[in-house]
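Step one of this worksheet: look at the structure below.
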Amino acid sequence: MLNRTQIREVLDTMEAMYPDAECELTHSNSFELTIAVLLSAQATDALVNKVTPALFDKYKSPEDYLAVPLEELEQDIRRIGLFRSKAKNIQKLCRSLIDDFDGDIPKERDELVKLAGVGRKTANVVTSVAFGRPAIAVDTHVERVSKRLGLCRWKDSVLEVEKALMKKIPEAEWSDTHHRMIFFGRYHCKAQKPACPECPLLYLCREGKKREKKTAAG
DNA sequence: CTCCCGATAT
DNA sequence: ATATCAGGAG
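Counted from 1, the first sequence has number 154 at position 154 by full-length UniProt numbering; the numbering is strictly sequential.
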């Protein structure tokens with residue numbers, strides 16, 4: 001586990017690497033963002049961004065998504081994967097937006113998670129990106145990076161990772177750090193082929209040092 | 001815990 | 001061929 005000084009070095013290094021890291025899901029309002037994040041479960045942002053332009057052109061309101069048969073919406077998002085459950089969740093989400101939330105995406109996480117297909121991670125993204133609330137959404141990248149660097153314990157659940165990060169990172173830096181960790185994980189500390197040899201954080205990374213030994217021996 | 005699931009990288 | 005991708009529901 002990293003100490004205070006090391007955590008500061010991690011935050012500063014990531015800021016230097018990705019000073020302008022931000023949400024890469026294309027969207028023009030909180031409703032589109034929520035749909036995009038829901039669709040991005042177990043899919044890459046790049047793929048979601050290929051599908052959403054036509055999708056957002058066709059469906060502009062909750063009513064629009066409810067006006068077509070489920071099968072039609074399924075076909076419109078099929079390429080993203082998990083399309084049956086996602087299509088069903090989108091229509092359920094739109095129904096409850098109209099019935100329970102006056103047609104608007106709620107701003108609080110506790111309200112957001114009541115929507116179908118919206119769990120804690122998606123709610124954190126929406127409340128943070130769309131409404132500027134401080135939050136750390138722990139996705140696959142944030143979890144992997146946090147565990148490799150030692151910002152949390154290896155055995156931590158996703159919620160425990162989030163709590164560890166919120167405790168160790170100043171609240172004012174939550175949202176920026178969150179996006180920088182996404183970029184760091186997506187483009188540098190990748191799941192399959194991490195760039196350890198050229199990593200500025202290798203000196204304090206348990207996992208990176210292990211990998212260095214491995215490649216040196218093998 | 002399992003299931004959902006196509007696209008892409010390795 | 002297999003792993004992974006801005007997870008969530010049952």
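For glycine and all other residues, C-beta sits at the position ideal for the given N, C-alpha and C.
Item                                                                                                                                              : Value
Which residue marks the beginning of the alpha helix (DSSP H) containing Pro53, and which one marks its end?                                      : Asp45 to Lys58
For Val37 versus Val113, is the C-beta distance shorter than 8 Å?                                                                                 : no
Taking Cβ positions, are Val142 and His188 nearer each other than 8 Å?                                                                            : no
For residue 219, which residues in the same chain have their Cβ closer than 7 Å to its Cβ, ignoring the five residues on either side in sequence? : Since the displayed the chain opens at 1 and closes at 218, residue 219 lies outside it and no answer follows.
Return the CA-CA distance between Glu111 and Val10, expressed in angstroms with no decimal places.                                                : 33 Å
Spatial neighbours of Ile98 within its chain, please: C-beta separation below 6 Å, excluding the five flanking residues on both sides.            : Pro62
Where do the N-terminal and C-terminal ends of the alpha helix (DSSP H) with Pro106 fall, by residue?                                             : Counting along the chain, Pro106 falls outside any alpha helix (DSSP H), and DSSP gives it neither H nor E.
Measuring only the C-alpha atoms, how far is Gly117 from Lys86?                                                                                   : 7 Å
Any idea what DSSP makes of Val113, helix, strand or coil?                                                                                        : coil
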